[in-house]
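Visitor: Everything in the sequence shown is counted per the numbering used here, starting at 201 for the first residue and increasing by one.
Glycine included, C-beta positions come from ideal geometry on N, C-alpha and C.
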Amino acid sequence: MRDSKQILPIVLVSLLLGCLLSPIGVVQEVQAEPSAVDDALAAEGLTLVALRNDTMDMNQDGEPDAIRVVVILNSSSDWTEIELRLHGLHKDKEVQQKQYMAFAGQSNASLVYDAWSAGEHTLRLEFVKQDGSTIVTLQLPSYVLKPALKTPHLMLDLDAPGWIETGDDCSINRIFDDETGPRYDASGIRTFSGAPFTVLDNQTVLDCSHWPAGEYTLKEAYRNDLGQTAEYWLNLSIHNRPAPAFSMTVIGNGNDTDNPCEITMTPNMVGVDFSTFEKIWTIQGTVLPGNRSTTYDCTILPAGVHLITLEVINDEQIRTVHGINLVRLPGLNISESEAASLPSRSFGEETPTKSVGWFSIGVLGLIVCIVVFMLLVRVKDEAETGSLRDLGPTPMILPDGSPDAQGFPTMTDDEGVLWRQHPDGSTDWWDNQLRIWHKW
Numbered sequence: 201m202r203d204s205k206q207i208l209p210i211v212l213v214s215l216l217l218g219c220l221l222s223p224i225g226v227v228q229e230v231q232a233e234p235s236a237v238d239d240a241l242a243a244e245g246l247t248l249v250a251l252r253n254d255t256m257d258m259n260q261d262g263e264p265d266a267i268r269v270v271v272i273l274n275s276s277s278d279w280t281e282i283e284l285r286l287h288g289l290h291k292d293k294e295v296q297q298k299q300y301m302a303f304a305g306q307s308n309a310s311l312v313y314d315a316w317s318a319g320e321h322t323l324r325l326e327f328v329k330q331d332g333s334t335i336v337t338l339q340l341p342s343y344v345l346k347p348a349l350k351t352p353h354l355m356l357d358l359d360a361p362g363w364i365e366t367g368d369d370c371s372i373n374r375i376f377d378d379e380t381g382p383r384y385d386a387s388g389i390r391t392f393s394g395a396p397f398t399v400l401d402n403q404t405v406l407d408c409s410h411w412p413a414g415e416y417t418l419k420e421a422y423r424n425d426l427g428q429t430a431e432y433w434l435n436l437s438i439h440n441r442p443a444p445a446f447s448m449t450v451i452g453n454g455n456d457t458d459n460p461c462e463i464t465m466t467p468n469m470v471g472v473d474f475s476t477f478e479k480i481w482t483i484q485g486t487v488l489p490g491n492r493s494t495t496y497d498c499t500i501l502p503a504g505v506h507l508i509t510l511e512v513i514n515d516e517q518i519r520t521v522h523g524i525n526l527v528r529l530p531g532l533n534i535s536e537s538e539a540a541s542l543p544s545r546s547f548g549e550e551t552p553t554k555s556v557g558w559f560s561i562g563v564l565g566l567i568v569c570i571v572v573f574m575l576l577v578r579v580k581d582e583a584e585t586g587s588l589r590d591l592g593p594t595p596m597i598l599p600d601g602s603p604d605a606q607g608f609p610t611m612t613d614d615e616g617v618l619w620r621q622h623p624d625g626s627t628d629w630w631d632n633q634l635r636i637w638h639k640w
């Protein structure tokens, strides 16, 4: 053990340095029971030279929000390893701050307790050996503190147009802050709900540009192990982008093949860029390979009627199809071989015609008359040889024409219908038209 005359200057210097380096606050010296504390530390070769507490105002708001505990120890051993644990109790929840010390001779340690909630905090300091057993525990004063640490905070910041359609630039910034939980190794769990896809904790920005259309109620919640919670709600509506609207302008429809022909797609949507849309031209259902432009040169089409369609597909795979029937007439200056292979064209009074002849018309009429006559004769023969209609069961009448009741009692109701009754109680009624009995 060092002589008390050597220790006293060291203690005074340490206290002076502590006062100069610490923020303005209240300094309290802790006076524990000398016998119990000194005896427990002395058994481990330790002497508590000094212990002090400083209240600090970390955010400069005039309210204390942290406590700094300074410990000066002297060891008589060649080498000493211990751990200091500063415990803070508030609202039945306890947190701790640890400080490892390995020294020979004299050493000091500083532990800071940051308030994590407003109210009274009770502190205690524990000296722990390497094997985890406690040497001694000092009860420190209680303090009323107002925290400077940031409590959990959440926000979902939407960056998108006021009216969102599928494919629009859309992002959600997830803003999260919690200084209290991580400070005492009490970080909690973040939960996210309402999105069409799984959201991970490390995703700070959500890309909603490719979300399907719909109404979304997004919620993010957080709770740390100290019981502090935060949550945020965001309502989001994404509307289906309308199908591409366009028209087709035709030059050369109805003209002969000697004149130019062109079909042009004209967008009918303001502010929509069609350049990135896929365009598929077809002729008579056959896709034109390689043509993805807004125009089609139909000059190469021969004479005739051609069905031309254009299908436009936007970036969201929404498609629109328009089609036209393009008429191409044979040109005036064509050879005889071309005229034979092309459809005929009327040139007015100069168009050559061929007479069919009255003889051909008469022969055709005679053939039609013979066919009709044969059909009528066949239908008549089938009608005469056909069987008569089955009138149903044999009439049940007596020789005088009256109904045959077969000895069963009969009666006539108010509507003039004749009834008969069987021994088992069942009844029949008489049908005057078919002259038979019907079971009732």
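Would you please verify whether the beta carbon of methionine 301 is less than 8 angstroms from any beta carbon of chain D?
Guide: Note that chain D does not occur in the displayed structure, where there is just one protein chain.
Visitor: Helix, strand or coil for leucine 564, going by three-state DSSP, please let me know.
Guide: The residue you call residue 564 lines up with position 364 of the sequence shown. Reduced to three states, the DSSP call for leucine 564 is helix.
Visitor: Nearest to serine 409 by alpha carbon, out of Pro396, Leu532 and Gly616?
Guide: Reading the sequence shown from its first residue, position 209 is the one you call residue 409. Selected option, being the one with the closest Cα: Pro396.
Visitor: Following the continuous alpha helix (DSSP H) through threonine 380, name the residue where it begins and the one where it ends.
Guide: Taking the first residue of the sequence shown as 1, we reach residue 380 at position 180. Start and end: 380-383.
Visitor: Kindly indicate the opening and closing residues of the beta strand (DSSP E) around phenylalanine 392.
Guide: Reading the sequence shown from its first residue, position 192 is the one you call residue 392. Per DSSP, phenylalanine 392 belongs to the beta strand (DSSP E) from 389-393.
Visitor: What are the boundary residues of the beta strand (DSSP E) that includes arginine 528?
Guide: Position 328 of the sequence shown, counted from the first residue, corresponds to residue 528. 519-528 is the span of the beta strand (DSSP E), which, as asked, contains arginine 528.
Visitor: Touch check for the segment 386-401 and the segment 409-428: three-plus C-beta pairs under 8 angstroms?
Guide: Touching, yes, given that three or more Cβ pairs across the two stretches are closer than 8 angstroms.
Visitor: In chain order, what residues of the same chain have a beta carbon less than 8 angstroms from the beta carbon of asparagine 453, not counting five sequence neighbours either side?
Guide: Along the sequence shown, read from residue 1 onward, the residue named residue 453 stands at position 253. The answer, listed in chain order, is Cys461, Ile524, Leu526 and Val527.
Visitor: Would you mind reading off the limits of the beta strand (DSSP E) that contains aspartate 357?
Guide: Counting from 1 along the sequence shown, the entry for residue 357 is found at position 157. That run of the beta strand (DSSP E) goes 353-359.
Visitor: Can you check DSSP and say which residues form a bridge with aspartate 628?
Guide: Stepping through the sequence shown from its first residue, residue 628 is reached at position 428. The partner list for aspartate 628 (beta bridge, DSSP) reads Arg620 and Lys639.
Visitor: Within 10 angstroms of its Cβ, does histidine 638 collect 16 or more other Cβ (buried), or is it exposed?
Guide: Within the sequence shown, the letter at position 438 stands for residue 638. Exposed, since its Cβ has fewer than 16 Cβ neighbours within 10 Å.
Visitor: Would DSSP call serine 645 helix, strand or coil?
Guide: Lying before the first or after the last residue shown, residue 645 is absent from the chain, which here runs from 201 to 640.
Visitor: What does leucine 311 pair with, by DSSP beta-bridge criteria?
Guide: Taking the first residue of the sequence shown as position 1, residue 311 is located at position 111. According to DSSP, leucine 311 bridges with Val269.
Visitor: What separation, rounded to the nearest whole angstrom, lies between the Cα atoms of glycine 490 and histidine 353?
Guide: As a working note, residue 490 is residue 290 in the sequence shown. As a working note, residue 353 is residue 153 in the sequence shown. Glycine 490 and histidine 353: Cα-Cα distance of roughly 55 angstroms.
Visitor: With lysine 419 as the anchor, note down where its beta strand (DSSP E) starts and where it stops.
Guide: As a working note, residue 419 is residue 219 in the sequence shown. From DSSP, the beta strand (DSSP E) with lysine 419 extends over 414-423.
Visitor: If leucine 356 sits next to tyrosine 432, beta carbons under 8 angstroms apart, how far is it from one beta carbon to the other, in whole angstroms?
Guide: Taking the sequence shown and counting its residues from 1, the one referred to as residue 356 is at position 156. Taking the sequence shown and counting its residues from 1, the one referred to as residue 432 is at position 232. Confirmed, Cβ separation roughly 5 angstroms.
Visitor: Determine the extent of the beta strand (DSSP E) in which glutamate 294 is found, giving its start and end residues.
Guide: Translated into positions along the sequence shown, residue 294 becomes position 94. Segment 293-303, the beta strand (DSSP E) holding glutamate 294.
Visitor: In terms of residue numbering, what span does the beta strand (DSSP E) encompassing serine 371 cover?
Guide: For this step, residue 371 is matched to residue 171 along the sequence shown. That run of the beta strand (DSSP E) goes 371-377.
Visitor: Judging by CA-CA distance, which residue of Ile570, Lys298 and Asp624 is the nearest neighbour of valine 269?
Guide: What you label residue 269 is simply residue 69 of the sequence shown in a count that begins at 1. Residue Lys298 is the option with its Cα nearest to valine 269.
Visitor: Report the three-state DSSP secondary structure of leucine 221 (helix, strand or coil).
Guide: Reading the sequence shown from its first residue, position 21 is the one you call residue 221. Note on leucine 221: pLDDT 38, under 50, position unreliable in the model; the coordinate value appears next. In this structure, leucine 221 counts as helix in the three-state DSSP scheme.
Visitor: Evaluate tryptophan 316 with the Cβ neighbour count: other Cβ atoms within 10 Å of its Cβ, from every protein chain shown; 16 or more gives buried, anything less gives exposed.
Guide: Position 116 of the sequence shown, counting from 1, holds the residue named residue 316. Flag for tryptophan 316 reads buried.
Visitor: Have a look at the DSSP bridge pairing and note the partners of proline 467.
Guide: In the sequence shown, residue 467 corresponds to position 267, counting from 1. Bridge partners of proline 467: Phe446.
Visitor: With H, G and I counted as helix, E and B as strand and the rest as coil, what does DSSP make of arginine 324?
Guide: Locating residue 324 in the sequence shown gives position 124, where the first residue counts as 1. If DSSP states are grouped into helix, strand and coil, arginine 324 belongs with the strands.
Visitor: What number of angstroms, rounded off, separates the C-alpha of valine 505 from the C-alpha of methionine 469?
Guide: In the sequence shown, the residue the question calls residue 505 occupies position 305. In the sequence shown, the residue the question calls residue 469 occupies position 269. Straight-line Cα distance between these residues: approximately 30 angstroms.
Visitor: Between glutamate 320 and tryptophan 363, what straight-line distance do the alpha-carbon atoms span, to the nearest angstrom?
Guide: For the purposes of this step, residue 320 is identified with residue 120 of the sequence shown, where counting begins at 1. For the purposes of this step, residue 363 is identified with residue 163 of the sequence shown, where counting begins at 1. If you take the alpha carbons of glutamate 320 and tryptophan 363, they lie about 50 angstroms apart.
Visitor: Do you know how far the Cα of proline 530 is from the Cα of aspartate 456?
Guide: Looking up residue 456 in the sequence shown gives position 256. Looking up residue 530 in the sequence shown gives position 330. Cα to Cα, aspartate 456 sits roughly 5 angstroms from proline 530.
Visitor: With DSSP as the reference, please indicate the residues paired to lysine 479 in a beta bridge.
Guide: As a working mapping, residue 479 is identified with position 279 in the sequence shown. DSSP lists Val512 as partners of lysine 479.
Visitor: Can you find the residues in the same chain that come closer than 6 angstroms, C-beta to C-beta, to proline 361, ignoring five residues on each side of it along the sequence?
Guide: Start at 1 with the first residue of the sequence shown, and residue 361 comes out as number 161. Hits under 6 angstroms: Asp368.
Visitor: Taking tryptophan 433 as part of the beta strand (DSSP E), name the residues at either end of that continuous run.
Guide: Counting from one through the sequence shown, the residue named residue 433 turns up at place 233. From DSSP, the beta strand (DSSP E) with tryptophan 433 extends over 429-439.
Visitor: DSSP state of alanine 348, grouped into three classes?
Guide: Sequence index remark: in the sequence shown, residue 348 carries index 148 (1-based). Alanine 348: coil per DSSP, three-state reduction.
Visitor: Output the boundary residues of the beta strand (DSSP E) element that contains valine 405.
Guide: The count along the sequence shown starts at 1 and reaches residue 405 at position 205. 405-407 is the span of the beta strand (DSSP E), which, as asked, contains valine 405.
Visitor: Just to confirm before moving on: does the CB-CB distance between leucine 406 and isoleucine 438 stay below 8 angstroms?
Guide: Taking the sequence shown and counting its residues from 1, one reaches residue 406 at position 206. Taking the sequence shown and counting its residues from 1, one reaches residue 438 at position 238. Not a contact, by the Cβ cut-off of 8 angstroms.
Visitor: Assuming glycine 245 contacts threonine 280 under a Cβ cut-off of 8 angstroms, what Cβ separation, rounded to an integer in Å, is found between them?
Guide: Locating residue 245 in the sequence shown gives position 45, where the first residue counts as 1. Locating residue 280 in the sequence shown gives position 80, where the first residue counts as 1. At roughly 7 angstroms, the Cβ-Cβ gap stays under 8 angstroms, so glycine 245 and threonine 280 are in contact.
Visitor: Determine the contact status of valine 249 and isoleucine 282, defining contact as a CB-CB distance below 8 angstroms.
Guide: The sequence position of residue 249 within the sequence shown is 49, counting from 1. The sequence position of residue 282 within the sequence shown is 82, counting from 1. Cβ distance not < 8 angstroms, so valine 249 and isoleucine 282 don't count as in contact.
Visitor: By DSSP, does leucine 634 sit in helix, in strand, or in coil?
Guide: Translated into positions along the sequence shown, residue 634 becomes position 434. It is coil, neither helix nor strand.
Visitor: Are the Cβ atoms of arginine 374 and alanine 443 separated by less than 8 angstroms?
Guide: Taking the first residue of the sequence shown as 1, we reach residue 374 at position 174. Taking the first residue of the sequence shown as 1, we reach residue 443 at position 243. No, these two residues do not count as a Cβ contact at 8 angstroms.
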